[in-house]
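Participant: Please find one structure pasted underneath; my questions will follow.
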Amino acid sequence: MELVRGIHNIEHRHHGCVLTIGKFDGVHQGHKAVLNNLIEQAKRLNLPSAVMVFEPQPEEVFAPDKAPARLSSLRDKYEQLRDIGIDRLICVRFDTKFASQTPEQFVEALLVNQLGVKFLVVGDDFRFGCKRLGDFEFLRQSSATFGFEVVSTQSYRLKNCRISSTEIRDALSTSRFKDANEMLGRAYAIKGRVVHGEKNGRTIGFPTANVIIKHKKAPVHGVFAVVVQWQNERRLGIANLGKRPTLHGKRMQLEVHIFDFKDDLYGKRICIEFVAKIRDEQKFKNIDELKEQIKLDVKQAKRLLKI
Ligand SMILES: Cc1cc2nc3c(=O)[nH]c(=O)nc-3n(C[C@H](O)[C@H](O)[C@H](O)COP(=O)(O)O)c2cc1C
Ligand SMILES: Nc1ncnc2c1ncn2[C@@H]1O[C@H](COP(=O)(O)OP(=O)(O)O)[C@@H](O)[C@H]1O
1 MELVRGIHNI EHRHHGCVLT IGKFDGVHQG HKAVLNNLIE QAKRLNLPSA
51 VMVFEPQPEE VFAPDKAPAR LSSLRDKYEQ LRDIGIDRLI CVRFDTKFAS
101 QTPEQFVEAL LVNQLGVKFL VVGDDFRFGC KRLGDFEFLR QSSATFGFEV
151 VSTQSYRLKN CRISSTEIRD ALSTSRFKDA NEMLGRAYAI KGRVVHGEKN
201 GRTIGFPTAN VIIKHKKAPV HGVFAVVVQW QNERRLGIAN LGKRPTLHGK
251 RMQLEVHIFD FKDDLYGKRI CIEFVAKIRD EQKFKNIDEL KEQIKLDVKQ
301 AKRLLKI
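Encoded structure:
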């Protein structure tokens, strides 16, 4: 899959495609139904399939405090869309300038002239351009003028509930991992590179590989039994996702202690899959109390992971 990063990198050879525009946060089963349909249309028209996403996501620009926690980083979306078989990911840098163009500009300059769109899929609630004036009806009229097809995504249902990124966030925040995983079509996981921490972990007997949470918000918080994967390794462990109040931590961090393991993981990209929640993060009176609690957490994690 080709990544086109920024509209200034759209070249003449990118002209002609079937396209869908959306957030695709989580790339869940509902998204997959839309994407598989897009791939079929691409075959029918003998054109590449392209997905347009905005980065940051619009609400992260307009209302950063209210923006929900991300299910997927741009890198996650890239990997997930590539695995489905999408040909091209167009990542548009979203800022107030981009958002203020007229719906006519967005359609004519970007979709028609630059991308040569022949078939377009968007959600029926998709809005674009200044004051969110562009909508599905506008796209329908434009499609007649410029000669492309436009359709809206159909709601995709699983057990009678509409799959959405919001439903998945709700399931994750209440630790209903089975429900979340069913809607995602894979196990929920956070991926990231192991960075150096404050080196307290090894002194309290629980070294932890630390991963920085992108976008500073996560859909899960607390202590969890986890599966950790990197390269060809698959290990079990226990993770804490939070601010580490006992040690006056400031930023949100994901730390994982891997059972029966003592190698160096710095710089490695690891994948942490959440299996079950153990408890919320707490502020302890001192490190000894924290250490005693972690010992109990490890016992419970091992029980949950059936070790
Ligand atoms: C299983 C587990 C549970 C934890 N729970 C808490 C907690 O409830 N409160 C807290 O302040 N820190 C908690 N921590 C974070 C520890 O404070 C942290 O591992 C330690 O500060 C090591 O930090 P470092 O990696 O920067 O050296 C937890 C860590 C682990 C591995
Ligand atoms: N069992 C283990 N689980 C996680 N990381 C481990 C383990 N054993 C060794 N490590 C390594 O030690 C580092 C964690 O040690 P720690 O003292 O907590 O330092 P830091 O504050 O840098 O995380 C990890 O990043 C990893 O490279």
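Numbering follows UniProt numbering, in which position 295 of the sequence shown is assigned residue number 295; successive positions increment by one, without gaps. No residue lacks a Cβ here, since even glycine has one placed at the ideal position from N, Cα and C.
Throw me the rounded Cβ distance for the V194 and L265 pair, which I believe falls under 8 Å.
Facilitator: Their Cβ separation, rounded to whole angstroms, is 5 Å, which keeps V194 and L265 in contact under 8 Å.
Participant: Any chance you could list the beta strand (DSSP E) runs of at least 3 consecutive residues sitting entirely within the UniProt domain "Riboflavin kinase" (183 to 306), in chain order?
Facilitator: Listed in chain order, they are 189 to 195, 209 to 212, 222 to 230, 233 to 242, 253 to 258 and 269 to 279.
Participant: Ligand 2 and P207: does the residue's C-beta get closer than 6 Å to at least one heavy atom of that ligand?
Facilitator: Result yes, Cβ under 6 Å from ligand 2.
Participant: Going by DSSP in three states, E149 sits in which element: helix, strand or coil?
Facilitator: Three-state result, E149: strand.
Participant: Less than 8 Å between C-beta atoms, sequence neighbours within five positions excluded: which residues of the same chain meet that for A180?
Facilitator: Once the five neighbours on either side are set aside, the close Cβ partners of A180 are I168, A171, L172 and Y188.
Participant: For a test of the three-state rule: what should DSSP assign to E60, helix, strand or coil?
Facilitator: Correct three-state label for E60: helix.
Participant: Name the DSSP beta bridge partners of I21, please?
Facilitator: For I21, which the question treats as bridged, DSSP gives the partners M52.
Participant: Please classify G30: does DSSP put it in a helix, a strand, or coil?
Facilitator: G30: helix per DSSP, three-state reduction.
Participant: Which complete beta strand (DSSP E) runs does the region 67 to 133 hold, if anything under 3 residues is left out?
Facilitator: Within the region 67 to 133, the complete beta strand (DSSP E) runs of at least 3 residues are 88 to 93 and 117 to 122.
Participant: Whose CA, out of V275, E233, S100 and T246, lies closest to the CA of F261?
Facilitator: The shortest Cα separation from F261 among V275, E233, S100 and T246 belongs to E233.
Participant: How about E60: is its C-beta nearer than 7 Å to some C-beta of chain B?
Facilitator: The displayed structure is made up of one protein chain only, and chain B is not part of it.
Participant: Express the C-alpha separation of T246 and A42 in angstroms, rounding to a whole number.
Facilitator: Approximately 54 Å between the Cα atoms of the pair.
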